[in-house]
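**Student:**
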């Protein structure tokens, strides 16, 4: 039976790290030769040698909110609940979009107003499912 893909990737990452640890500083390196010698993908070895992290250690690209922003939203919803206000999905969306707008950095050269992340009803429903303790 073949091994799971995650286990294969972990083995490859270990071999790549072994290659990078054994390379002496200050010499010219033939990356394709090393990739063949240690049986690792050339492109992944080259990228890791230039500083790219492993797939497992990189942050998720699908998260809209940082931990601090998530906490701010959580406390806002919790406070509204304490006041007796029934929190609805449009209220959550509005709050999240306000938090994301305030975190928007207009001084960044690649930022435009179209690049601001926005929440939608689907995102709000999933957030509620993850935070079921307050609902």
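Residue numbers (UniProt numbering): 1 to 135.
Heads up, the beta-carbon is just placed ideally off N, CA and C, and yes, glycines get one too.
Would you kindly check if the distance between the Cβ of residue 99 and the Cβ of residue 127 is under 8 Å?
**Tutor:** Not a contact, by the Cβ cut-off of 8 Å.
**Student:** Just how far apart, CA to CA, sit residue 125 and residue 103?
**Tutor:** Going by the C-alpha atoms only, they are around 22 Å apart.
**Student:** In the stretch 43-124, which residue ranges form an unbroken alpha helix (DSSP H) of at least 4 residues, counting only runs that do not cross its ends?
**Tutor:** Counting only runs of 4 or more, we get 67-82, 89-103.
**Student:** If you draw a straight line from the alpha carbon of residue 120 to that of residue 57, how long is it in whole angstroms?
**Tutor:** Using only the alpha carbons, I get a separation of about 28 Å.
**Student:** Since residue 38 contacts residue 31 with CB under 8 Å, what's their CB separation in whole angstroms?
**Tutor:** Not quite, the Cβ-Cβ distance comes to about 11 Å (not below 8 Å), so this is no contact.
**Student:** Exposed or buried, which one is residue 20 when buried takes at least 16 other CB atoms within 10 Å?
**Tutor:** Its Cβ having fewer than 16 others within 10 Å, residue 20 is exposed.
**Student:** Can you tell which of 25, 40, 29 has the C-alpha that lies nearest to the C-alpha of residue 10?
**Tutor:** Of the listed residues, the one whose Cα sits closest to residue 10 is 40.
**Student:** Under the three-state reduction of DSSP, which class applies to residue 131: helix, strand or coil?
**Tutor:** Note: residue 131 maps to coil in three-state DSSP.
**Student:** Return yes when the Cβ of residue 97 is within less than 8 Å of the Cβ of residue 118, no when it is not.
**Tutor:** For residue 118 and residue 97, yes; Cβs fall inside 8 Å.
**Student:** So, is residue 109 buried or exposed, given that buried needs 16 or more other C-beta atoms within 10 angstroms?
**Tutor:** With a pLDDT of only 49 at residue 109, under 50, the local geometry of the prediction cannot be trusted, and the value read off the model is given with reservation. Flag for residue 109 reads exposed.
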